[in-house]
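Residues 15 to 310 (the working numbering) are what the sequence shown spells out, left to right.
For every residue, glycine included, the Cβ atom is placed at its ideal position computed from N, Cα and C.
Quantities reported herein were computed from a predicted structural model and do not represent experimental measurements.
Below is one structure, written out as structure tokens; comments come after it.
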Amino acid sequence: MWIKSSDSRRAPRQPVHLLRFAVFLAITMLLPLAGIPKETLTTPGLVREFFGSLEEVRQAVQFVVHDQVIHGTLIFDKEPILNGAAAVDSTPLFDPWQGPGDVYFKIRKNAIAPRHFLESGDQGTIAVRFVLIPVDANRTRVKIDAIYQETAHRTFHASDGTVEKSEMKEIKDQLETLQEAAAQAADARRRQTSAELVRQSLIRQREDETTRISNAQSAQKDLEQRVSALHHELERRVKSPGADLKAAPFQSAATFKTLSAFTDVVILIVTPHWLGVETPDGQRGWLPQELLEQLP
């Protein structure tokens, strides 16, 4: 008689499909901790072509890069904008740019679940990349990308496009301001040239009158008064206690030097709120109109 023996110490064999399911479940639970790989992350980005030279567009972009604001997002509903951004030379949140053009970055650390980044959460860093690509002498292309990375999970979140659109609008507004100032400066130079032509014409008239009219001294005195009046219109004096000579017509522009009170300057460019001037030592820059007064 045969009796089938059994070993109670052996564990029953698990079906293969249950083991596979357990492995799949473990991987699924770990995926949020690993985050989205940066190389697979896609962002909408934004590209726009501006009518302006590379240098004009560069000035507008640099102004926005250094304005300490991440436009188009916020972290608390009560705050209208997200301040605290900083311009940086590079950031590991973006892969190295392989295409043509110049690249600029600004980042904002310690942002808590910023708006307009897809499924963002926790605390992390926002990074915005600006790429300037020259098209020709009068056209420049700008490409903007924005991403957010959580500090703890290292998870990347793409922008929904709002940040890129808002940053691009700031560049557009700054470029229009610069181009308007340049147009006004060109008009001021034309007026200055016309004034110089008038002055030269008056000098020639003085010379002709000197030879034709016996009362040359009276004519010369009258001419000098006219020339002096023209110079008086183009000269100003710095008010007390002094003023900072700026590199561009903005309060946030770099300061070339501080002019002491009662320094005489010559007006080269006239805009609604700023004057392009030249100092006695030949330094050119910008001063607010309210910090200058006419010569006595």
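Just to confirm before moving on: does the CB-CB distance between residue i and residue j stay below 8 Å?
i: residue 87; j: residue 176; result: yes
i: residue 305; j: residue 291; result: no
i: residue 234; j: residue 220; result: yes
i: residue 108; j: residue 155; result: no
i: residue 237; j: residue 209; result: no
i: residue 137; j: residue 165; result: yes
i: residue 162; j: residue 180; result: no
i: residue 241; j: residue 213; result: yes
i: residue 158; j: residue 122; result: no
i: residue 160; j: residue 140; result: yes
i: residue 69; j: residue 189; result: no
How many Å lie between residue i and residue j at the Cα?
i: residue 187; j: residue 64; result: 11 Å
i: residue 249; j: residue 308; result: 7 Å
i: residue 106; j: residue 72; result: 23 Å
i: residue 283; j: residue 67; result: 21 Å
i: residue 268; j: residue 287; result: 17 Å
i: residue 127; j: residue 102; result: 22 Å
i: residue 132; j: residue 58; result: 11 Å
i: residue 150; j: residue 200; result: 22 Å
i: residue 74; j: residue 192; result: 8 Å
i: residue 97; j: residue 130; result: 16 Å
i: residue 172; j: residue 293; result: 50 Å
i: residue 270; j: residue 222; result: 45 Å
i: residue 119; j: residue 310; result: 49 Å
i: residue 94; j: residue 184; result: 16 Å
i: residue 90; j: residue 125; result: 10 Å
i: residue 303; j: residue 278; result: 14 Å
i: residue 265; j: residue 226; result: 55 Å
For residue i, count neighbouring Cβ atoms within 10 angstroms of its own Cβ and tell me buried if that reaches 16, exposed if not.
i: residue 295; result: exposed
i: residue 276; result: exposed
i: residue 45; result: For residue 45, the predicted structure reports a pLDDT of 40, less than 50, and the residue's modelled location is therefore unreliable. The matter cannot be settled from this model.
i: residue 78; result: buried
i: residue 273; result: buried
i: residue 61; result: exposed
Quick one: what does DSSP say residue i is sitting in, helix, strand or coil?
i: residue 91; result: coil
i: residue 63; result: strand
i: residue 272; result: strand
i: residue 297; result: coil
i: residue 108; result: coil
i: residue 154; result: strand
i: residue 173; result: strand
i: residue 185; result: helix
i: residue 303; result: helix
i: residue 96; result: strand
i: residue 122; result: strand
i: residue 308; result: strand
i: residue 115; result: coil
i: residue 261; result: coil
i: residue 291; result: strand
>> Quick check for students: name the residue ranges of the beta strand (DSSP E) that lie wholly in the region 126 to 153, counting only runs of 3 or more.
In response: 137 to 150
> Where in the region 188 to 255 do unbroken runs of the alpha helix (DSSP H), each at least 4 residues long, occur, reported from the N-terminal end onward?
Replying inline: 230 to 247
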